[in-house]
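Residues in the sequence shown are numbered from 1 upward in steps of one, following the UniProt record's numbering.
Even glycine gets a Cβ: it sits at the ideal position worked out from N, Cα and C.
Since the model is a prediction, treat every value here as computed from it, not as a measurement.
See below for the structure under consideration.
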Amino acid sequence: MTDEIDKAKASLRQKIKSKRQTLPQSYYQWANEIISHKLVNFSIFNQAKRILLFSSLPYEFNTQELINFCFKQEIQVLLPRVEGKSLGLHYVNESSTYQKSKYDILEPQANSPQAGISMLDLIILPCLSCNRHGQRLGYGGGYYDRLLVDFKGITIIPYFDKLMTSDIPCNDYDIKADYIISESGIFSTNESSDRPFLE
């Protein structure tokens, strides 16, 4: 069964990678602006003291505006760094410098201060696709699956409506996000409804 799920995930990854290249850049810019606005006005985001964000790849939700917002609001920002098969959680600030990982993602320097997972209030998750029930399709490395096992806080996926997938293959170890925020609203994944609980 696991092999079948892995094959289904690999097939879906290819479909999403192809589809996202067909969408105009204007859509990403428009949707990104709306999602960012919803996020910074969401009470759960504003109550967090320490937030793990991510450095965006092309076609992902662009986190730079969020990161800048956090700096201005004096919310502590952490970014992940690949360390073996795990993610190190590193503090960053406006003067931080970065380097590119083997996945072409900007990461904090190895000597930047770190925090344990228990110190985080909120994790903003990247994905290749997701659905409104919180199921997430990653890139296949399993880094966030391993990270989330020990996380007791809240998780949010900011993502685009046009790239969501209703049926995402899942293994037993896949952990759902608590909230999905898209241009059409904020969705609690504990609700059975597909309707946003906040527009």
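In the DSSP output, which residue or residues are listed as bridge partners for Cys-130? Arg-136
For the beta strand (DSSP E) containing Gln-25, list its first residue and its last residue. First-last for Gln-25: 25–40, but that is the alpha helix (DSSP H), not the beta strand (DSSP E).
Cα-Cα, which of Leu-147, Leu-120, Glu-60 is closest to Lys-85? Leu-147
Around the C-beta of His-90, are 16 or more other C-beta atoms found within 10 angstroms, so that it is buried, or is it exposed? His-90 is buried by the Cβ-count criterion.
Is the shortest distance between the beta-carbon of Asn-131 and the beta-carbons of chain D less than 8 Å? Among the protein chains of the structure shown there is no chain D, as only one such chain exists.
Could you say which of Ser-166, Ser-112, Ser-55 lies nearest to Tyr-103 if we only look at CA atoms? Ser-55
Could you spell out the range, first to last residue, of the alpha helix (DSSP H) harbouring Glu-4? The continuous alpha helix (DSSP H) containing Glu-4 extends over residues 2–20.
As a quick exercise: from Ser-43, Val-77, Gly-142, pick the residue whose alpha carbon is nearest that of Asp-172. Gly-142
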